[in-house]
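Protein sequence lines correspond, in order, to chains A and B. The numbering of the first sequence is the working numbering, which starts it at -7 and goes up by one. The numbering of the second sequence is the working numbering, which starts it at 992 and goes up by one. Built from N, CA and C at the ideal position, the CB exists for glycine as well. The structure under discussion appears below in the form of structure tokens.
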Amino acid sequence: VPVFPWHSLVPFLAPTQSD
Amino acid sequence: SPVALPPFFMRGSIIQLADGELKRVEDLKTEDFIQSAEISSELKIDSSTVERIDSGQTPNAVVIQFSVGELKAQVCVEVLVEYPFFVFGQGWSSCCPDRTTQLFELSCAKLCVGDVCVSLTLRSLR
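Here it is as structure tokens:
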């Protein structure tokens, strides 16, 4: 049975660097 | 469908939390994400508020605009209408919950403007 890491379920929303 | 659906959203999928605990995807709670991120050295939980939901490039896609984190950075993502997001205090939610339930057998609420979703950023990002 495959086991998936918790973070694969969560979108990675990286804010654009503005500096 | 031309786009492969992520297998881990299927009801019954086994998810490993950061402390090693195993849970089914449908049993995950807000605290599971928060506690896992607290353990993680690289990942940080952000609150991402849904600001807009627009039609996407194809009929089964939507463009969701989020306001991310304390800086309220504007981030747009295009996803299939059945793609589930985890809303704080509410659980799995998608733009088309009926389709999510049909495809993944995963119970879902309707994702709405104003919902606050769990998202991740890198701890080193500032």
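Nearest candidate by alpha-carbon position, reference residue i, set the options
i, options, result
"residue 1056 of chain B", "B:1027, B:1022, B:1110", "B:1110"
"residue 1041 of chain B", "B:1035, B:1063, B:1032, B:1050", "B:1063"
Same chain, Cβ closer than 8 Å to residue i, neighbours up to 5 away in sequence not counted
i, result
"residue 1020 of chain B", "1082"
"residue 1010 of chain B", "1026, 1027, 1030"
"residue 1065 of chain B", "1042, 1056, 1057, 1058, 1059"
For residue i, the first and last residue of its enclosing alpha helix (DSSP H)
i, result
"residue 1028 of chain B", "1021 to 1030"
"residue -4 of chain A", "Where residue -4 of chain A is concerned, there is no enclosing alpha helix (DSSP H), although the beta strand (DSSP E) it sits in stretches over -5 to -3."
"residue 1002 of chain B", "That residue, residue 1002 of chain B, is in no alpha helix (DSSP H); it is neither H nor E in DSSP."
"residue 1081 of chain B", "Note, residue 1081 of chain B: premise wrong, no alpha helix (DSSP H); not H, not E."
Sequence-distant residues of the same chain with beta carbon closer than 7 Å to residue i, five excluded per side
i, result
"residue 1084 of chain B", "1075, 1076, 1078, 1099, 1100, 1101, 1102, 1106"
"residue 1000 of chain B", "1016, 1075, 1095, 1097"
"residue 1080 of chain B", "1021"
C-beta atoms of residue i and residue j nearer than 7 Å
i, j, result
"residue 1059 of chain B", "residue 1086 of chain B", "no"
"residue -1 of chain A", "residue 1113 of chain B", "no"
"residue 1096 of chain B", "residue 1002 of chain B", "yes"
Residues of its chain near residue i, where Cβ-Cβ distance is below 6 Å and the 5 sequence neighbours each way are ignored
i, result
"residue 4 of chain A", "none"
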